[in-house]
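Engineer: The listed protein sequences correspond, in order, to chains V and A. Letter 64 of the first sequence, counting from 1, is numbered 130 in the numbering used here, and no numbers are missing. Letter 102 of the second sequence, counting from 1, is numbered 110 in the numbering used here, and no numbers are missing. There's a structure below that I have some questions on.
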Amino acid sequence: AQSVSQHNHHVILSEAASLELGCNYSYGGTVNLFWYVQYPGQHLQLLLKYFSGDPLVKGIKGFEAEFIKSKFSFNLRKPSVQWSDTAEYFCAVKDTGRRALTFGSGTRLQVQP
Amino acid sequence: SAVISQKPSRDICQRGTSLTIQCQVDSQVTMMFWYRQQPGQSLTLIATANQGSEATYESGFVIDKFPISRPNLTFSTLTVSNMSPEDSSIYLCSVISTDTQYFGPGTRLTVL
Numbered sequence: 067a068q069s070v071s072q073h074n075h076h077v078i079l080s081e082a083a084s085l086e087l088g089c090n091y092s093y094g095g096t097v098n099l100f101w102y103v104q105y106p107g108q109h110l111q112l113l114l115k116y117f118s119g120d121p122l123v124k125g126i127k128g129f130e131a132e133f134i135k136s137k138f139s140f141n142l143r144k145p146s147v148q149w150s151d152t153a154e155y156f157c158a159v160k161d162t163g164r165r166a167l168t169f170g171s172g173t174r175l176q177v178q179p
Numbered sequence: 009s010a011v012i013s014q015k016p017s018r019d020i021c022q023r024g025t026s027l028t029i030q031c032q033v034d035s036q037v038t039m040m041f042w043y044r045q046q047p048g049q050s051l052t053l054i055a056t057a058n059q060g061s062e063a064t065y066e067s068g069f070v071i072d073k074f075p076i077s078r079p080n081l082t083f084s085t086l087t088v089s090n091m092s093p094e095d096s097s098i099y100l101c102s103v104i105s106t107d108t109q110y111f112g113p114g115t116r117l118t119v120l
């Protein structure tokens, strides 16, 4: 079965620090990749997605992610985080055989002012 | 995009009772999904609900415990039956629109 791994469970950064959150998936076929964010008290929102083409994807709020097929990875990055980026971040994968997403365990990001 | 609302937003229930959660979408969608997010864990798919057919359940979830209705293309319900404290969780409704999956605000359920 397909699985998604997020190795960083809790990350604490100071404002202006750079961010990279890891995401690896197990499916060997064609996949669509997503990052979602859940701000405190709010529902899940889409940050960015990758379907095909340029493996470097830019999303909202200055986030980007890079798809590296050989590593089965889709890491999320932001050059300079803000206090308002404090949230939980979920990586998700959809393979061609399923309609619904499979989620990673999530990474809680805490940005200190 | 799709805007999804859920009712109730939260509830506290007694063991052995049942709760029905409603999901309303602002546009017609073919597929709706129900997820569970247990405390400190990720989202787990419970079932896929298509209009006009029975829901498809994931491994570990059964219709007797989580009956689902899908009477039309904008609405679905999930019932959590014969609840136990292990059912305490956030239940989320989700739909696909233009190749992207959108989520409702969730229903936070606490079972005492």
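Even for Gly, the Cβ is constructed at its ideal location relative to N, Cα and C.
Shorter than 7 Å from the beta carbon of residue 109 of chain V to some beta carbon of chain A?
Structural biologist: yes
Engineer: I'd like to know whether the C-beta atoms of residue 29 of chain A and residue 99 of chain A end up nearer to each other than 7 Å.
Structural biologist: Inclusion of residue 29 of chain A and residue 99 of chain A in the CB contact set at 7 Å is warranted, their separation being smaller than that value.
Engineer: With a threshold of 7 Å between beta-carbons, can residue 166 of chain V be considered close to chain A, or not?
Structural biologist: yes
Engineer: Jot down the residue ranges of each uninterrupted beta strand (DSSP E) in the stretch 28 to 100 of chain A, minimum 3 residues, whole runs only, in chain order.
Structural biologist: 39 to 45, 51 to 58, 76 to 80 and 83 to 88
Engineer: Tell me, please, which residues DSSP counts as bridged to residue 77 of chain V.
Structural biologist: V/175
Engineer: Pick out whichever of V/75, V/115 and V/166 has its Cα sitting closest to the Cα of residue 172 of chain V.
Structural biologist: V/75
Engineer: Quick check on residue 113 of chain A - is its C-beta less than 7 Å from some C-beta in chain V?
Structural biologist: yes
Engineer: Name the residue from V/162, V/178, V/177 and V/179 whose alpha carbon lies nearest to the alpha carbon of residue 68 of chain V.
Structural biologist: V/162
Engineer: What residues match up with residue 109 of chain A in a beta bridge as DSSP calls it?
Structural biologist: A/104
Engineer: Could one say the Cβ of residue 105 of chain A lies closer than 7 Å to chain V's Cβ atoms, at least one of them?
Structural biologist: no
Engineer: So which residues of chain V does residue 41 of chain A contact, with C-beta pairs closer than 7 Å?
Structural biologist: Going along chain V in sequence order, the residues near residue 41 of chain A (Cβ under 7 Å) are 166.
Engineer: Answer yes if the stretch 139 to 148 of chain V comes into contact with the stretch 9 to 23 of chain A, meaning at least three C-beta pairs across the two stretches below 8 Å, and no otherwise.
Structural biologist: No contact exists between the stretch 9 to 23 of chain A and the stretch 139 to 148 of chain V.
Engineer: Contact check, residue 88 of chain A vs residue 51 of chain A under 8 Å by CB: the rounded distance?
Structural biologist: Rounded, the Cβ-Cβ distance is 16 Å, inconsistent with contact.
Engineer: What residues in the stretch 141 to 169 of chain V bring their beta carbon closer than 7 Å to a beta carbon of chain A?
Structural biologist: Answer in chain order: 156, 165, 166, 167 and 169.
Engineer: Starting from residue 101 of chain V, trace the beta strand (DSSP E) both ways and give me its first and last residue.
Structural biologist: 97 to 104
Engineer: Taking the beta strand (DSSP E) that residue 21 of chain A falls in, what are its first and last residues?
Structural biologist: Per DSSP, the unbroken beta strand (DSSP E) holding residue 21 of chain A starts and ends at 18 to 21.
Engineer: Quick check: the stretch 88 to 95 of chain V against the stretch 111 to 119 of chain V, are there 3 or more CB pairs under 8 Å?
Structural biologist: no
Engineer: Does DSSP put residue 92 of chain V in a helix, in a strand, or in coil?
Structural biologist: Residue 92 of chain V falls in the coil class under three-state DSSP.
Engineer: For residue 121 of chain A versus residue 40 of chain A, is the C-beta distance shorter than 7 Å?
Structural biologist: Because residue 121 of chain A is not part of the residues shown, which for chain A are 9 to 120, the question remains open.
Engineer: Taking 7 Å as the CB-CB cut-off, is residue 109 of chain A touching chain V?
Structural biologist: yes
Engineer: Does the separation of the CB atoms of residue 86 of chain V and residue 149 of chain V fall below 7 Å?
Structural biologist: no
Engineer: Report the rounded CA-to-CA distance for residue 103 of chain A versus residue 119 of chain A, giving the unit in angstroms.
Structural biologist: 26 Å
Engineer: Measure from the C-beta of residue 27 of chain A to each C-beta in chain V and report whether the shortest distance is under 7 Å.
Structural biologist: no
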